[in-house]
Amino acid sequence: MSSNSLSRAFTDFDGLHLKNFLMRAQVSSLSPLRLPIPPLGLFLALILQQHARVQLHDFAYDIPPDRVAQAPLAERSASRLLVLDGRTGLCTDRMIRDLPGLLLPDDLLVFNDTRVVAARLTGSKPSGGRVEFLLERALEGHEALLQVKGSKTLRKGLEVTTAGGTVRLVERSGDLWRGHLPGPALDFFEKWGDVPLPPYIRRSPDPQDRERYQSIFARETGAVAAPTASLHFDPDLIAALEKRGVQRAFITLHVGAGTFQPVRAANLDEVVLHAERLEVSAATCDAVERTRAAGGRVVAVGTTVVRALESAALAAHGASVQQRLAPFKGESRLFIRPGFQFRITDTLITNFHVSQSTLLMLVCAVAGREHTLAAYAHAIKAGYRFFSYGDAMFVTPQEGAR
235 MSSNSLSRAF
245 TDFDGLHLKN
255 FLMRAQVSSL
265 SPLRLPIPPL
275 GLFLALILQQ
285 HARVQLHDFA
295 YDIPPDRVAQ
305 APLAERSASR
315 LLVLDGRTGL
325 CTDRMIRDLP
335 GLLLPDDLLV
345 FNDTRVVAAR
355 LTGSKPSGGR
365 VEFLLERALE
375 GHEALLQVKG
385 SKTLRKGLEV
395 TTAGGTVRLV
405 ERSGDLWRGH
415 LPGPALDFFE
425 KWGDVPLPPY
435 IRRSPDPQDR
445 ERYQSIFARE
455 TGAVAAPTAS
465 LHFDPDLIAA
475 LEKRGVQRAF
485 ITLHVGAGTF
495 QPVRAANLDE
505 VVLHAERLEV
515 SAATCDAVER
525 TRAAGGRVVA
535 VGTTVVRALE
545 SAALAAHGAS
555 VQQRLAPFKG
565 ESRLFIRPGF
575 QFRITDTLIT
585 NFHVSQSTLL
595 MLVCAVAGRE
605 HTLAAYAHAI
615 KAGYRFFSYG
625 DAMFVTPQEG
635 AR
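Using the working numbering, read the sequence shown as starting at 235 and increasing by one per residue.
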C-alpha cells in the first residue's frame, strides 16, 4: 500500500472508508522467524479507530475576548444572523429581521417557554468564608438541589447566612448539594437572588437583565439559564413572521446549572449530562403533525428545543427512526453530538456557543463539525457577537443528519 493511500485513510475517514480500506488491506505475511504476521488491516484497525473517534479537543476554537457580548443590544431583533447551509458549508451574513424571508408559510417555529429564576445567591459561613449558591432545582417544601462553591471544603450540616436567612447543607447528591432554605425555593431565590448571568459575562447583573435575560415567551419558572436563541424575538418580528404564515409552538425545558459546567472528559463516550426537566405537550405534537402534513419544516429555536423534541421522540419510539412525536413529561440527559440521527428537527436557530461545549457539539451534529467550525471562524473574523447576549445562526442540516 502506498503512502498516499495511508494518507487518504487517515485524513478522509468515515465508516465506509474503514470497511473498504480493511478489505483491501487483508494481506498476510511471515516474519523473519516464519511466524504469521497479522493482516495489515488488523494491524491498522486500532490506529484508525482511534483516529476516527471524535474527541473533546476536536471542538475547540479560539475567540478574542472582545467578541464576547457583555450586554444585550438596545433592540432584541437588531442582532446579526449567520446563515449556514449544512450541505455545502456556505455562510451568508444576514440580520435576525431577515428571518421571515428565510422561512416559508407553514414552517413551524418551536420556542422554549421556560422562565429564568434569579438563581444565584451569595452568603457567608460562620467563619466568614464566602459561599455562592446556584439553584439547580426546587424540591418539595423548603428544599432544593444546589450547586455550591465555597472558599474551603463544604460539609454536611454547614449553615450559611444569606440576606434572606440561613441555608443549611443537608447532604451531597452527586456533585450537587441538597439544601434546606428559609422558604420555598422559587420564592426564596426570586426575592433574594440575582440573575444568573453566565461566567463569560464579566460584570454584575443590573436591573435590565431581569427583563432582557428572559424571552418574551417566558412563563414557566424553573430555568437557571435563558434559552438564548429566543432572546432575539420581539413583538415586531413575531408580527412579521405571522404575516408570512409561519406557525409557532412551545416546549418547556428548564435549563439546569450543568449548562455552565465545562466538559471534563476527553473521551466523549464518558460524558454524562445533568438531567433536565422538560415537557412536550399534545398541542405541540399536533402542531408538528400539521406542519409535516403541509410540507413545512420544524424549526427549533435553540438547542434546548432540539433536545426536548428529540428526547420526546426517543421516549416514544426508542432507537426507531420514526418521525412521529408523542407527548412527554420527564427528565432527559440526551447528549446530541455528530452522528446523531434527528427525527423531528429540520432546521436550527441558535446563538454561538462556548468552545468544547456540548451545545457546540449539537450544532456540529446538525451541520457537520468542519462546516460549523468554519462558520465560527468566519463569524469571528466578521465581528459577530458571541454567546448569550450575542448574535445568532440559522443552520440547515448536512446530508444524512435527517
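Glycine included, each C-beta is placed from N, C-alpha and C at the ideal position.
Start-to-end residues for the alpha helix (DSSP H) that takes in residue i
i	result
His414	Where His414 is concerned, there is no enclosing alpha helix (DSSP H), although the beta strand (DSSP E) it sits in stretches over 410-414.
Ala613	603-615
Leu465	Note, Leu465: premise wrong, no alpha helix (DSSP H); not H, not E.
Ser358	Looking at the DSSP string, Ser358 is not in any alpha helix (DSSP H); the run it does join, the beta strand (DSSP E), is 354-358.
Asp319	Not the alpha helix (DSSP H): Asp319 falls in the beta strand (DSSP E), residues 314-319.
Glu523	516-528
Glu445	441-446
Leu336	333-336
For residue i, the three-state DSSP class (helix, strand or coil)
i	result
Asp503	helix
Val629	strand
Val458	coil
Leu388	coil
Thr348	strand
Ile583	strand
Gln283	Any reading at Gln283 must be qualified, since the residue scores a pLDDT of 45, below 50, and its modelled position is unreliable; the value itself is stated next. If DSSP states are grouped into helix, strand and coil, Gln283 belongs with the helices.
Leu568	coil
Gly634	coil
Ile472	helix
Arg402	strand
Arg301	helix
Ser262	Residue confidence is low: Ser262 scores 38 on pLDDT, short of 50, so the model does not pin down where it sits. Its coordinate-derived value is still stated next. If DSSP states are grouped into helix, strand and coil, Ser262 belongs with coil.
Leu379	strand
Arg619	coil
Phe494	helix
Phe293	helix
Leu512	strand
Leu431	coil
Leu343	strand
Ser545	helix
Arg436	coil
Phe255	Here the model assigns Phe255 a pLDDT of 37, short of 50, so the residue's position is not dependable, and the following value carries that caveat. Here Phe255 sits in helix by DSSP.
Ser311	helix
Of the residues the options, the one placed nearest residue i, counting alpha carbons only
i	options	result
Gly375	Ala352, Pro416, Leu368	Pro416
Met329	Arg364, Phe467, Ala378	Phe467
Asp470	Pro461, Ile485, Ile450	Ile450
Ala460	Leu290, Thr518, Val288, Phe621	Phe621
Tyr434	Arg301, Tyr618, Phe574	Arg301
Pro631	Ala616, Leu596, Val588	Leu596
Val629	Ala613, Ile583, Leu607	Ile583
Ala483	Thr322, Gly427, Ser464, Arg331	Ser464
Leu481	Arg287, Lys359, Gly602, Arg524	In the sequence on display, residue 481 carries Gln and not Leu. Among Arg287, Lys359, Gly602, Arg524, the Cα nearest to that of Gln481 belongs to Arg524.
Asp503	Lys563, Gly357, Ala527, Thr592	Thr592
Whole-angstrom C-beta distance between residue j and residue i, which should lie under 8 Å
i	j	result
Ala382	Leu373	Checking the sequence shown, residue 382 turns out to be Val, not Ala. Contact flag wrong, Cβ pair sits at about 15 Å.
Val522	Leu559	5 Å
Asp625	Ser311	Not quite, the Cβ-Cβ distance comes to about 12 Å (not below 8 Å), so this is no contact.
Tyr623	Ala353	Actually they are not in contact, since the Cβ atoms of Tyr623 and Ala353 sit about 17 Å apart, beyond 8 Å.
Leu318	Met627	6 Å
Val401	Phe367	7 Å
Val505	Glu370	Not a contact, Cβ separation roughly 18 Å.
Val532	Ile485	With a Cβ gap of about 11 Å, Val532 and Ile485 do not count as contacting.
Gly384	Val365	5 Å
Gly479	Leu342	Between Leu342 and Gly479 the Cβ distance is about 11 Å, and since that is not below 8 Å, they are no contact.
Asp327	Ala609	Actually they are not in contact, since the Cβ atoms of Asp327 and Ala609 sit about 11 Å apart, beyond 8 Å.
His587	Gly323	That belief does not hold up - the Cβ atoms of His587 and Gly323 are roughly 18 Å apart, past 8 Å.
Val394	Gly362	Not really, about 11 Å apart at Cβ, beyond 8 Å.
Test: residue i CB closer than 9 Å to a CB of chain D
i	result
Val629	Absence of chain D from the displayed structure is noted, only one protein chain being present.
Any non-hydrogen atom of the ligand SAH within 8 Å of residue i CB
i	result
Ser358	As presented, the structure is devoid of all ligands, the ligand SAH included, so that no description of it is given.
Span of the beta strand (DSSP E), counted from its first residue to its last, around residue i
i	result
Phe484	481-487
Val535	532-535
Asp327	325-329
Phe423	Premise fails: Phe423 lies in the alpha helix (DSSP H), 419-426, not in any beta strand (DSSP E).
Leu368	364-372
Thr395	393-396
Counting Cβ pairs closer than 8 Å, one from the segment 507-514 and one from the segment 475-493, do we hit at least three?
-> By the Cβ criterion, the segment 507-514 is in contact with the segment 475-493, since at least three pairs of Cβ atoms, one from each stretch, lie closer than 8 Å.
Does the segment 435-453 come within contact of the segment 338-356, defined as at least 3 CB pairs closer than 8 Å?
-> Enough Cβ pairs lie closer than 8 Å, so yes.
Any contact of the segment 317-332 with the segment 409-423, i.e. 3+ C-beta pairs under 8 Å?
-> Under the Cβ criterion (8 Å, minimum of three pairs), the segment 317-332 does not count as touching the segment 409-423.
How about the segment 398-417 and the segment 335-342: do they share at least three Cβ pairs that are nearer than 8 Å?
-> Short answer: they don't touch.
Three CB pairs or more closer than 8 Å across the segment 564-582 and the segment 531-546 | As far as the Cβ criterion goes, the segment 564-582 touches the segment 531-546, which means the pair count is three or higher.
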